[in-house]
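In what follows, a single structure is set out as structure tokens and then discussed.
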Ligand code: NAD
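Residue numbers (the numbering used here): 35 to 530.
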């Protein structure tokens with residue numbers, strides 16, 4: 035029997051107001067239904083936002099170190115339950131078990147890191163130009179935050195948002211992806227177990243249009259943090275701009291790896307495989323374009339193809355499998371349609387390109403590792419985010435051309451270069467237009483203590499993760515305090 039999942043509003047586990055549910059399945063085997071999920075609507079959103087609003091003053095006034103202690107306890111519980119949560123992530127989202135455990139580890143890292151920020155949430159004291167007067171800046175919470183997440187990091191992305199928002203004194207209504215609701219529920223249970231007061235964190239399940247949209251538009255919501263597709267992010271940006279809400283979005287990528295003639299070949303091949311096919315290509319930072327210099331092109335392609343052919347596909351709970359399924363039938367069809375588009379555009383289908391239905395995979399949504407060669411930089415398969423195990427290989431004659439191709443794209447999340455020439459890597463570091471640049475490493479592997487986000491159409495608003503310059507800037511506003519203890523009227527800027 036699938037588990038009946040509930041919403042969490044004002045400290046109570048409740049059904050959707052209309053009692054409607056939908057099913058959430060294992061993408062490796064669609065016969066396994068993991069949960070019956072509340073199909074919530076604007077009524078549920080109203081209740082959750084009211085609870086968050088009511089809880090806000092007391093949570094704002096709770097000392098930040100005490101707020102941090104809750105996160106510390108969250109981290110401790112996550113550590114104890116890492117294996118169980120990793121296995122759930124694998125069953126619900128499909129990524130192989132090593133990566134699923136990594137997803138939970140990222141959540142652990144963020145919870146510990148933000149717990150510590152509770153004792154470092156400092157502003158500044160700044161000298162005043164007048165005697166007997168002091169001035170300081172303090173961080174204050176924004177208020178009620180809506181947090182909307184995708185499915186590809188079912189534990190890590192939610193905690194990237196929840197931990198700093200809660201630490202900073204905000205209250206939250208969390209609307210997770212409809213594709214990964216069970217992981218989201220376990221996470222909220224852990225916050226409850228860690229002693230978070232009712233109303234500070236509220237969970238409302240459901241779909242984008244019926245639950246996400248009313249949440250973003252709700253007049254009592256002060257800020258929106260969104261990770262997901264570019265199309266949805268841009269819609270939400272418009273709503274938030276007209277309603278003067280704090281807003282951040284992190285969306286898609288079309289991330290390049292440049293491989294220069296002097297690259298360490300073995301390292302570059304390993305990095306390209308991990309970037310292109312890790313998480314079945316379903317990472318915002320996946321390497322979906324490999325830009326290869328002419329001199330290394332043939333030898334690179336031979337080795338990359340040989341290794342890609344050997345990738346084992348299947349249910350990620352089996353540790354011998356290296357690549358799991360595509361999240362949903364809709365996404366599976368989208369990836370297959372891009373494989374057709376690539377061929378129609380005149381690129382060469384060099385490897386893969388088919389649905390994979392061998393053995394146990396017959397009931398899941400699996401696609402072979404797919405390599406396109408003879409790709410022109412302006413083809414749709416080289417410009418649009420596919421979000422599957424499909425990589426486009428593009429030739430370049432020199433570094434300048436490679437960087438131009440890398441940058442000639444609407445996205446700007448992550449970019450990498452493999453070269454042993456310090457000058458070439460320095461030029462790439464300077465000229466690649468992306469939020470994250472990796473030298474002699476793949477496009478994936480961000481660490482939580484640094485800000486994370488992209489340029490151009492990928493991101494808007496303050497960055498996630500990290501501390502100052504990252505998440506703390508998103509979840510707090512600056513308040514400036516002047517205190518005059520002269521006992522007389524002092525006028526700034528006015529000559530005596
Ligand atoms: P999606 O945009 O379809 O959905 C994301 C979330 O938005 C879900 O919770 C969904 O229910 C909700 N949503 C959908 N329509 C909405 C609406 N009209 N109003 C409010 N909420 C709405 O994206 P997805 O398929 O879940 O995730 C894949 C995308 O996420 C990819 O484009 C990927 O690149 C991106 N992503 C980006 C990052 C990053 O940090 N840059 C990280 C992970 C994933």
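Even for Gly, the Cβ is constructed at its ideal location relative to N, Cα and C.
Going by the DSSP bridge assignment, what does residue i pair with across the sheet?
i	result
residue 511	174
residue 428	325
residue 181	208 and 259
residue 235	206
residue 472	450
residue 518	167
residue 404	424
residue 42	47 and 237
residue 486	498
residue 347	357
residue 445	490
Tell me whether residue i sits in a helix, a strand or coil according to DSSP, three-state version.
i	result
residue 417	helix
residue 257	strand
residue 168	strand
residue 367	helix
residue 314	helix
residue 289	strand
residue 35	coil
residue 391	coil
residue 383	strand
residue 56	strand
residue 188	coil
residue 63	strand
residue 142	helix
residue 459	helix
residue 72	strand
residue 157	coil
residue 494	strand
residue 294	coil
residue 200	helix
residue 120	helix
residue 284	strand
residue 503	strand
residue 220	helix
Residue i CB to nearest chain B CB: under 9 Å?
i	result
residue 342	Among the chains of the structure shown, chain B does not appear; only one protein chain is present.
Use the C-beta contact count for residue i: other C-beta atoms within 10 angstroms, 16 or more gives buried, fewer gives exposed.
i	result
residue 74	buried
residue 332	exposed
residue 421	buried
residue 386	buried
residue 366	buried
residue 526	exposed
residue 196	buried
residue 278	exposed
residue 342	buried
residue 101	buried
residue 426	buried
residue 208	buried
residue 131	buried
residue 147	buried
Just to check my reading of the structure: residue i and residue j have Cβ atoms closer than 8 Å, yes? What is that Cβ distance to the nearest angstrom?
i	j	result
residue 257	residue 280	3 Å
residue 191	residue 184	6 Å
residue 514	residue 169	7 Å
residue 372	residue 428	Not confirmed; about 16 Å, so no contact.
residue 301	residue 516	Wrong, their Cβ atoms sit about 55 Å apart, outside the cutoff.
residue 215	residue 449	In fact, because the Cβ distance is near 33 Å, the residues do not count as touching under 8 Å.
residue 70	residue 55	4 Å
residue 41	residue 50	6 Å
residue 358	residue 128	4 Å
Are the CB atoms of residue i and residue j nearer to each other than 9 Å?
i	j	result
residue 496	residue 504	yes
residue 62	residue 274	no
residue 201	residue 92	no
residue 194	residue 499	yes
residue 441	residue 454	no
residue 483	residue 137	no
residue 335	residue 407	yes
residue 236	residue 206	yes
residue 262	residue 182	yes
residue 133	residue 313	yes
residue 294	residue 260	no
residue 268	residue 491	yes
residue 103	residue 152	yes
residue 292	residue 115	no
residue 179	residue 204	yes
residue 89	residue 234	yes
residue 446	residue 465	no
Regarding residue i and the ligand HEM, is the C-beta to nearest heavy atom distance less than 8 Å?
i	result
residue 524	Of the ligands this structure carries, namely the ligand NAD, none is the ligand HEM.
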